[in-house]
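The structure appears right after this line, and notes come after that.
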Amino acid sequence: MNNLIKQYETTKMKSKTYMKNGQIHKYFEALLEMNRYKKLMVAVVAN
Numbered sequence: 034m035n036n037l038i039k040q041y042e043t044t045k046m047k048s049k050t051y052m053k054n055g056q057i058h059k060y061f062e063a064l065l066e067m068n069r070y071k072k073l074m075v076a077v078v079a080n
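Numbering (the working numbering), first residue to last: 34 to 80.
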């Protein structure tokens, strides 16, 4: 679980950087990756 949280936070920081730099495509990819980590965290907590 801690590993998922770290990956989520890292991706969150990357997405903010991409947004500030105007790299829209990479920003959306980072958001999708964040969504995937969030779903995994919910699945881990549910079990």
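In this text, a Cβ means the ideal position worked out from N, Cα and C, and glycines have one as well. No experiment lies behind these values; they were computed from the predicted model shown.
- Cβ-Cβ separation between Met-67 and Thr-44: approximately 5 angstroms, consistent with a contact (criterion under 8 angstroms).
- In the assembly as shown, Ala-63 is a buried residue. Its beta-carbon has 16 or more other beta-carbons within 10 Å.
- Counting only residues of its own chain and dropping the five nearest sequence neighbours on each side, Ala-76 has no CB closer than 7 angstroms to any other CB.
- When DSSP states are grouped into helix, strand and coil, Met-34 belongs to the coil group.
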